[in-house]
Ligand SMILES: Cc1ncc(COP(=O)(O)O)c(C=O)c1O
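Numbering (the numbering used here), first residue to last: 61 to 472.
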């Protein structure tokens, strides 16, 4: 298909898009195609007034009384409840808190403590580096043998020594989606517990934690949830574990009676025990406001839109980018794909810089990936065509060899 024809079809698809109106819920610069919502979600239009209100009225005028007057104290649970509806969990199973890394540490230790007679933790080799580092640290602290095993090979690696398995639902590099139901079932059949990292799936595709019988999950607030840079993360624990799970970070806000100021720790009931320190209210209420962008949207339609975008991108990439030296590394099968497409290219870093200079923002991941995320609430089919056109133009003009794009910035 040529790109002119693709653009005509893209315009028609955008006009017929049942969730096309969701784009109006975001603030996006007119001259930018934003394909990095898998790293930092776009600004939700509800956030600036909410932040102004929390800073000027709640903090500025009501001062410390806002912990009661504006119910700041329960905000982690309120926001957790909103996230729960996007990930197939019950309200009382999710709390917004800390970072994904910290939450992962909490749940890996808590899960391992639920299987005290087992000595093995499995994690996939290509998981996000923080997940690998934390798994190794938990292994060292608890004396667990940490083994790196692909989700596809987990069956052969499971035995009665495995305490827990920690996988990402969608791979941050390749965009590959794993079969949560099937893997969770295999892990449970072996008597082990599963922890899923939802950072690259929540908000972009339906996640059915309880339907899949998942034990624990964590995820970022700043990617597809658009909570803002460094937004609080969330942690989910299935209700059946609430009474027995023990956090390794017993903070005062997760105490059964936080204001009794007791000298010894007694965990709060339920998911609240995964709270640790004082929540960052400005960021937390920004995330709360951002989640309004999902109000009334059917996640099945969000998924259909996401697949339509990535399907179109892959089809065009195979037609016009493969001959220019790109390789699509993201799976073609819909069920195996999240909401991003990664392209391998020998000068991937410079290609991304050239693309950004041309008004299309994506990012680079080591060693040779151009990573493009398609936030289904605000990316349009015409943006997909523009991105492909600009990739063709950049590489045809040999911009990947331009020395301006050779020096790597601190954040890639
Ligand atoms: C899959 C995954 N897990 C964990 C993290 C780490 O999140 P944080 O830096 O918020 O702890 C990231 C960050 O990008 C991620 O992509």
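Glycine residues also receive a C-beta, built at the ideal position from the N, C-alpha and C atoms. Remember, it's a predicted structure, so these values are computed and weren't measured experimentally.
query	result
Residue 387 (DSSP reduced to helix, strand or coil)	strand
Endpoints, beta strand (DSSP E) assigned at residue 254	253 to 257
Residues near residue 480 by beta carbon distance below 7 angstroms, same chain, minus five either side	There is no way to answer for residue 480, as the model of the chain reaches only from 61 to 472.
Whole-angstrom distance between residue 201 and residue 92, CA atom to CA atom	46 angstroms
Contacting residues, own chain, Cβ-Cβ under 8 angstroms from residue 428 (five flanking each side not counted)	404, 405, 406 and 408
Residue 108 (DSSP reduced to helix, strand or coil)	helix
Which of helix, strand or coil DSSP assigns to residue 321	coil
Residue 319 classed as buried or exposed, judged by whether at least 16 other C-beta atoms fall within 10 angstroms	exposed
Beta-carbon contacts of residue 88 that lie in its chain and below 7 angstroms, excluding the five residues immediately before and after	94, 102 and 438
Sequence-distant residues of its chain with Cβ nearer than 7 angstroms to residue 398 (five each side left out)	230, 235, 237, 260, 261, 264 and 265
Inside the segment 426 to 470 only - beta strand (DSSP E) runs reaching at least 3 residues	429 to 433
Residue 412 beta carbon less than 9 angstroms from that of residue 402	no
Residue environment, residue 365, which counts as buried when at least 16 other CB atoms sit within 10 Å	buried
Residue of 452, 433, 241 and 376 minimising C-alpha distance to residue 97	433
Cβ neighbour criterion (16 or more within 10 Å) applied to residue 118	buried
Delimiting residues of the alpha helix (DSSP H) encompassing residue 207	Residue 207 -> not in any alpha helix (DSSP H); beta strand (DSSP E) instead, spanning 205 to 208.
Whole-angstrom C-beta distance between residue 273 and residue 226, which should lie under 8 angstroms	Not confirmed; about 16 angstroms, so no contact.
heavy atom of ligand 1 below 8 angstroms from residue 228 C-beta	yes
Residue 422 (DSSP reduced to helix, strand or coil)	coil
Spatial distance of residue 323 from residue 315 (CA atoms)	11 angstroms
Any alpha helix (DSSP H) of 4 or more consecutive residues that is wholly inside the segment 155 to 213	160 to 173 and 189 to 202
Length of the line joining the Cα atoms of residue 373 and residue 278	29 angstroms
Segment contact, 8 angstroms Cβ cut-off, at least three pairs: the segment 340 to 353 with the segment 277 to 291	yes
Element boundaries [alpha helix (DSSP H), containing residue 343]	341 to 350
Contact test: residue 95 Cβ vs ligand 1 heavy atom, cutoff 8 angstroms	no
Exposure label - residue 128; buried when at least 16 CB within 10 Å	exposed
C-alpha gap between residue 121 and residue 346, whole angstroms	18 angstroms
Alpha-carbon spacing of residue 343 relative to residue 224, whole angstroms	32 angstroms
Identity of the residues DSSP links to residue 237 by a beta bridge	230
Same chain, Cβ closer than 6 angstroms to residue 474, neighbours up to 5 away in sequence not counted	The first residue shown for the chain is 61 and the last is 472, placing residue 474 beyond what the model contains.
Selection from 63, 123, 85 and 252 that minimises the alpha carbon distance to residue 357	85
As assigned by DSSP and simplified to three states, the class of residue 315	strand
Candidates 298, 363, 294 and 361, of which the one nearest residue 339 by Cα	294
The beta strand (DSSP E) enclosing residue 294, as first and last residue numbers	294 to 297
Pair within 9 angstroms by beta-carbon distance, residue 77 and residue 440	yes
Heavy atoms of ligand 1 versus C-beta positions, residues under 6 angstroms	159, 160, 161, 188, 190, 191, 228, 232, 257, 259, 260, 280 and 293
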